[in-house]
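Encoded as structure tokens, the structure appears first; notes follow it.
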Amino acid sequence: MIGNFEVESSQKLTPENLEPERESFIHGLWINQKARYGIIVFAIFIGIGVIGHFYTPYNPHFDLFKSYLPPSYAHLLGTDYDGHDVLSQFLYGTGVSLYVGAAVALIAVFIGTLVGLISGYYGGFVDNALMRFVDILLILPTFPLLVILSTYLKPTITSTILILGILSWPFMSRVIRSQTLTIRERPFIKAAILSGMTGYRIVFREVFKFVLPLIIINTIYIFVGAIVAQAGLAFFGLGDLSSINWGTMLFYAENQDAVLYAAWWWILPPGIAIAVLGIAANILGTGITEVYGGRAGST
Amino acid sequence: MKDVILSVNGLETIYRTGKKEVKALRNLYLDVKRGETLALVGESGSGKSTLGLSILRLIEPPNEISNGKIVFNDTEGDVSILDLSLPGIRKFRWKKVSMIFQSAMNVLNPIARIEDQFIDTFQAHDINGDYNERINHYLEISGLGENVRKLYPHQLSGGMKQRVSIALALCCEPDLLIADEPTTALDVVVQKEVLLELNRLKHELNLSIIFITHDLRVASSIADRIGIFYAGRIIEMGKTEDVINHPSHPYSQLLLSSIITTRTPKNSTLTTLTGSPPDLSSRITGCSFYPRCPVHDVSCLTFKEEKTEVSKEHFVECIRPGVQVNGMKIPENIRRGD
Amino acid sequence: MEYQLRNDDEYSTGESEYLIEFKNITKIFKSGHIQNYALDCVNLKIKPGESISVVGESGSGKTTLGLLAVKLLTPSKGEINFEGKNIAKIRGSRLREFRLITQMVFQDPYSSLNPYNTILESVSLPLVSNKSTIEKRDGIKLTKNEIRKRVAITLDRVGLSPGESFLDIYPKKLSGGQRQRVAIARALILSPKFIVADEPTSMLDVSISAQVLNLLSQLKKEFNFSMIYISHELATSRFISDKMAVMNLGRIVEYGRSEDVTDHPRHPYSDILIKSVPEIGGFIDSNNTTKINYNVLNGGIKGCTFAHSCPKVTDKCRIERPELQDLGNEHYVACFHPL
Numbered sequence: 041m042i043g044n045f046e047v048e049s050s051q052k053l054t055p056e057n058l059e060p061e062r063e064s065f066i067h068g069l070w071i072n073q074k075a076r077y078g079i080i081v082f083a084i085f086i087g088i089g090v091i092g093h094f095y096t097p098y099n100p101h102f103d104l105f106k107s108y109l110p111p112s113y114a115h116l117l118g119t120d121y122d123g124h125d126v127l128s129q130f131l132y133g134t135g136v137s138l139y140v141g142a143a144v145a146l147i148a149v150f151i152g153t154l155v156g157l158i159s160g161y162y163g164g165f166v167d168n169a170l171m172r173f174v175d176i177l178l179i180l181p182t183f184p185l186l187v188i189l190s191t192y193l194k195p196t197i198t199s200t201i202l203i204l205g206i207l208s209w210p211f212m213s214r215v216i217r218s219q220t221l222t223i224r225e226r227p228f229i230k231a232a233i234l235s236g237m238t239g240y241r242i243v244f245r246e247v248f249k250f251v252l253p254l255i256i257i258n259t260i261y262i263f264v265g266a267i268v269a270q271a272g273l274a275f276f277g278l279g280d281l282s283s284i285n286w287g288t289m290l291f292y293a294e295n296q297d298a299v300l301y302a303a304w305w306w307i308l309p310p311g312i313a314i315a316v317l318g319i320a321a322n323i324l325g326t327g328i329t330e331v332y333g334g335r336a337g338s339t
Numbered sequence: 042m043k044d045v046i047l048s049v050n051g052l053e054t055i056y057r058t059g060k061k062e063v064k065a066l067r068n069l070y071l072d073v074k075r076g077e078t079l080a081l082v083g084e085s086g087s088g089k090s091t092l093g094l095s096i097l098r099l100i101e102p103p104n105e106i107s108n109g110k111i112v113f114n115d116t117e118g119d120v121s122i123l124d125l126s127l128p129g130i131r132k133f134r135w136k137k138v139s140m141i142f143q144s145a146m147n148v149l150n151p152i153a154r155i156e157d158q159f160i161d162t163f164q165a166h167d168i169n170g171d172y173n174e175r176i177n178h179y180l181e182i183s184g185l186g187e188n189v190r191k192l193y194p195h196q197l198s199g200g201m202k203q204r205v206s207i208a209l210a211l212c213c214e215p216d217l218l219i220a221d222e223p224t225t226a227l228d229v230v231v232q233k234e235v236l237l238e239l240n241r242l243k244h245e246l247n248l249s250i251i252f253i254t255h256d257l258r259v260a261s262s263i264a265d266r267i268g269i270f271y272a273g274r275i276i277e278m279g280k281t282e283d284v285i286n287h288p289s290h291p292y293s294q295l296l297l298s299s300i301i302t303t304r305t306p307k308n309s310t311l312t313t314l315t316g317s318p319p320d321l322s323s324r325i326t327g328c329s330f331y332p333r334c335p336v337h338d339v340s341c342l343t344f345k346e347e348k349t350e351v352s353k354e355h356f357v358e359c360i361r362p363g364v365q366v367n368g369m370k371i372p373e374n375i376r377r378g379d
Numbered sequence: 002m003e004y005q006l007r008n009d010d011e012y013s014t015g016e017s018e019y020l021i022e023f024k025n026i027t028k029i030f031k032s033g034h035i036q037n038y039a040l041d042c043v044n045l046k047i048k049p050g051e052s053i054s055v056v057g058e059s060g061s062g063k064t065t066l067g068l069l070a071v072k073l074l075t076p077s078k079g080e081i082n083f084e085g086k087n088i089a090k091i092r093g094s095r096l097r098e099f100r101l102i103t104q105m106v107f108q109d110p111y112s113s114l115n116p117y118n119t120i121l122e123s124v125s126l127p128l129v130s131n132k133s134t135i136e137k138r139d140g141i142k143l144t145k146n147e148i149r150k151r152v153a154i155t156l157d158r159v160g161l162s163p164g165e166s167f168l169d170i171y172p173k174k175l176s177g178g179q180r181q182r183v184a185i186a187r188a189l190i191l192s193p194k195f196i197v198a199d200e201p202t203s204m205l206d207v208s209i210s211a212q213v214l215n216l217l218s219q220l221k222k223e224f225n226f227s228m229i230y231i232s233h234e235l236a237t238s239r240f241i242s243d244k245m246a247v248m249n250l251g252r253i254v255e256y257g258r259s260e261d262v263t264d265h266p267r268h269p270y271s272d273i274l275i276k277s278v279p280e281i282g283g284f285i286d287s288n289n290t291t292k293i294n295y296n297v298l299n300g301g302i303k304g305c306t307f308a309h310s311c312p313k314v315t316d317k318c319r320i321e322r323p324e325l326q327d328l329g330n331e332h333y334v335a336c337f338h339p340l
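Protein chains in written order, with this note's numbering: chain A, 41 to 339; chain B, 42 to 379; chain C, 2 to 340.
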């Protein structure tokens, strides 16, 4: 059945080559230092976000104590101007901020990837039309737009998410489109066509696998970027001020002159949290690409 | 003047990636004679390109040249290349030894005109004076017209770009030229033109050439001597006719038999090499070719890699020099005339 | 039916005895206002089981011809018939059938395989994409195990033995020669009738090249597929093919049995090509060199494509296009002054 000629036994792999990747992708993520640290930090924040939504030492909305109490055993992060427990606010607010980041990332990545892949792979009229639309969105000045929208619409967390999502996907689509264009002409894509694969399968399987690391990294960046953007908006009073999140904490702190009162325990936590999360996101993104690329290589 | 222009003694070069250390050159010995074209033939990973880079000290950390001596026999005295200071090596490069690369685009600045690239090179090597004349001269001897001066690399064809990189390599008047696969990326007609050009330049300018290639046919058509590279060492070396007509090492014999010429009988099965080259990150005991050698025996495992003279100036590293692979005769169609 | 990696089908070539026919094929690439005639009225016919090498330098159009043959490009003018039917018109299930029996092996082994696919995933792509068709044809369900089995057998067949051990690794663990074998396995797995090999060995070392050529030679005999072997390398092209077509700037300038073309070239361009091949037999020959002008813009050339550099050129060559004329013995040349 195999054929009646001598096959050269020349292609035996050396023992080390013979082993398929021992670890699964997940295990690989754990071994890679960068990915591991990133995951741990993210896990901590997500943990805080989830738990903090349901359980905090005091009720962040209603429990009032003396204002501007410095940190003590009873109030680990002190109290704010009105007397709310800052720790409770922080724990509760983490969840909201993370939720915003995740929701925006989801919207932006989903639309951005879809548009980018289709635009890049199919080209022609579809590509032109989509990219002109993207151009328009990119030209829109983000901040003034947000200011105007916030003045006319009642700002809620949901509206903030929608706006940030709509403003984030165009860039993503360009990035994905770029990479799709570079690999569209590669032989392995041509081979997929020759195998009888239909267009959409090629896009969503062969091309997708190749752009996945890019998607992951951009997702993480959009996630952090959205959190920062939302915090920034809130800080300028353009968000839903009735919500408790990192941004509104900063807004109220500024508004109530926390600096004058040297109430560092109110100012620092949100800022540090954003910084730490940003750095962790960076490291995690690098780690994930290393693992994904390490398994398969990008040659 | 000494007969030998460059001698390499016990050269060891290591490449490092992550935790892996690969010995690309293992205790290499080589002499290049003044005025000759020496071809170094080997497959990918054999170390031949690494030798060229090592001679010009273009090995960057974390890779390094870990051992050995390279001596350039200049008219003014001997220069130990590996001991030169940094300014010293910069003066040395291009003025004594220069290099042509496989892809001209590894050399040419895509956003500079051709004549500016010459000027940059002259200035980098402290050559002053009338640049115009020199540029025209080197372009002319490389077979290019003056009209090329104002052009950018992308406006030139592959063959023309390669000629420019040859001209650039020669413009500081070196004594030794290292050509690393200079024609591999070129079409076959252009390849012949470039090879003829190199040959002519060698005679006109009194050059010595180290010609690195994986193609034995190209090597055979232009070289005075051939050295066969395998696993970081030169395992056979001699005059071209000797190596081609009486290959002593089984690897050389198998290499030759893999060559298809226009007289290879169709529908024949070529005798080819099997397996793959050894892993240079681990220690090699005995003969490096042992696993793939069709005529090996147990004694090969105890072989200390050293040269034996097979005939005048023809050396081989084999425990049974002159052994023939399965009584294989090199087919008549690839014997070398002269 | 037991799985066999063979092709025992009777060839139904319709009205034509040829498997593939190129009829007056022209392919023009536009870039701004500049038109490039990659192919300029090319005619070629291939019989079942026949292998033809298409030889030329860069810009000759040989790769374009290959891409047209497998319908990765469409011709600007002319028609390509496969088994007597014009492939430009086929769609849907007919197109899928066409894809089942035509395949291609590419030049660069390092970009022929999706680096994020295991060898199993890459080689089984044709199987998976045509699952239902194959299940009907072979009367067997293509389970994961069945797919693994077929891929392993095919890998063994191309010299990657034991095939099983190669299935779950990624291409980055393989050398160039091994990757090319994987690409060949992928092309073979549906037992195609026609394979285009686009310079499959030009990026491989000489000894690996020889192995791959041995392999192609054996597979060709065993499977009896037709092949277009594209190359700039004359000796290997002659070795592997029955007939040879020499191309220059989008036209076939000489065509015949490969040994006839290489041993007795009748077109001045073929002659130069052959004399430029470095031979082991002696020092490089400084006679017999004609400088070829490569600055020719191929926007549709009026006379002969080689008129600009031909040592035998006359005025007629510059005005009139020479067509392929029969010199007897199945040897054709497009020249007014054949050698």
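Virtual Cβ for every residue (Gly too), placed ideally from N, Cα, C.
{"Check": "Residues near V189 (chain B) by beta carbon distance below 8 Å, same chain, minus five either side", "Outcome": "I155, L180, L197, M201 and V205"}
{"Check": "Start-to-end residues for the alpha helix (DSSP H) that takes in H435 (chain B)", "Outcome": "Here chain B has residues from 42 to 379 only, and residue 435 (chain B) is not among them."}
{"Check": "CB contact below 8 Å: S206 (chain B) versus chain F", "Outcome": "Chain labels in this structure do not include chain F; the protein chains are A, B and C."}
{"Check": "Beta-carbon contacts of G160 (chain A) that lie in its chain and below 6 Å, excluding the five residues immediately before and after", "Outcome": "R217, T220 and L221"}
{"Check": "Length of the line joining the Cα atoms of G333 (chain A) and N258 (chain A)", "Outcome": "16 Å"}
{"Check": "Proximity winner among A:L290, A:S137 and A:I319, relative to W305 (chain A) (alpha-carbon distances)", "Outcome": "A:L290"}
{"Check": "C-beta atoms of L185 (chain B) and A208 (chain B) nearer than 8 Å", "Outcome": "yes"}
{"Check": "Cβ-based contacts, 7 Å cut-off: residues of the region 146–172 of chain A near chain C", "Outcome": "none"}
{"Check": "Within-8 Å CB hit, D206 (chain C) to chain A", "Outcome": "no"}
{"Check": "Check whether V138 (chain B) and I96 (chain B) have beta carbons under 8 Å apart", "Outcome": "yes"}
{"Check": "Residue-level contact to chain C via CB, A232 (chain A), 8 Å cutoff", "Outcome": "yes"}
{"Check": "Contact between the region 68–87 of chain C and the region 114–121 of chain C (3+ Cβ pairs under 8 Å)", "Outcome": "no"}
{"Check": "Chain-ordered chain B contacts of E200 (chain C) [CB-CB under 9 Å]", "Outcome": "Within chain B, no residue comes near E200 (chain C); the closest Cβ sits about 12 Å away, beyond 9 Å."}
{"Check": "Alpha helix (DSSP H) segment containing T259 (chain A), residue limits", "Outcome": "F248 to F275"}
{"Check": "Those residues which DSSP pairs with M248 (chain C) across a bridge", "Outcome": "C:I253"}
{"Check": "In DSSP terms, what E84 (chain C) is bridged to", "Outcome": "For E84 (chain C), which the question treats as bridged, DSSP gives no partner whatsoever."}
{"Check": "Cβ-based contacts, 8 Å cut-off: residues of the region 214–238 of chain B near chain C", "Outcome": "D228, V229, V230, V231, Q232, K233, E234, L236 and L237"}
{"Check": "Residues of the region 110–121 of chain C whose Cβ lies closer than 8 Å to any Cβ of chain A, in chain order", "Outcome": "Y111, S112, S113, L114, N115, P116, Y117, N118 and T119"}
{"Check": "Buried or exposed by the 16-neighbour rule on C-beta atoms within 10 Å, applied to I231 (chain C)", "Outcome": "buried"}
{"Check": "Where R239 (chain C) sits in the DSSP three-state scheme", "Outcome": "helix"}
{"Check": "From C:R187, C:V334 and C:Q108, residue whose alpha carbon lies closest to that of G67 (chain C)", "Outcome": "C:Q108"}
{"Check": "Three-state secondary structure (DSSP) of F252 (chain B)", "Outcome": "strand"}
{"Check": "Option in A:L154, A:I88 and A:L157 with minimal Cα separation from G135 (chain A)", "Outcome": "A:I88"}
{"Check": "Below-8 Å beta-carbon distance, S130 (chain C) vs any chain A residue", "Outcome": "yes"}
{"Check": "Ordered list of beta strand (DSSP E) runs contained in the region 173–216 of chain A, each at least 3 residues", "Outcome": "none"}
{"Check": "K39 (chain C) in three-state terms, based on DSSP", "Outcome": "The residue asked about is misnamed: residue 39 (chain C) is Ala in this sequence, not Lys. Here A39 (chain C) sits in strand by DSSP."}
{"Check": "Candidates C:L40, C:F23 and C:P76, of which the one nearest N249 (chain C) by Cα", "Outcome": "C:L40"}
{"Check": "R324 (chain B) burial status per 10 Å Cβ neighbour count (16 or more: buried)", "Outcome": "exposed"}
{"Check": "V155 (chain A): first and last residue of the uninterrupted beta strand (DSSP E) it sits in", "Outcome": "Per DSSP, V155 (chain A) belongs to no beta strand (DSSP E); it is in the alpha helix (DSSP H), V126 to Y162."}
{"Check": "Where the beta strand (DSSP E) containing N169 (chain B) begins and where it ends", "Outcome": "Segment: none, N169 (chain B) is in no beta strand (DSSP E) and carries neither H nor E."}
{"Check": "Top-ranked residue by Cα proximity to V183 (chain A), from A:G236, A:G277 and A:F250", "Outcome": "The question names Val, yet the displayed sequence has Phe at residue 183 (chain A). Ranking A:G236, A:G277 and A:F250 by Cα distance to F183 (chain A) puts A:G277 first."}
{"Check": "Helix, strand or coil at A231 (chain A) [DSSP, three-state]", "Outcome": "helix"}
{"Check": "Sequence-distant residues of the same chain with beta carbon closer than 8 Å to N215 (chain C), five excluded per side", "Outcome": "none"}
{"Check": "DSSP beta-bridge partners of F330 (chain B)", "Outcome": "Looking at the DSSP assignment, F330 (chain B) forms no beta bridge with any residue, so it has no partner."}
{"Check": "Q179 (chain C), buried or exposed, once every other Cβ within 10 Å from all chains shown has been counted against 16", "Outcome": "buried"}
{"Check": "Cutoff 8 Å: I267 (chain B) Cβ touching any chain C Cβ", "Outcome": "no"}
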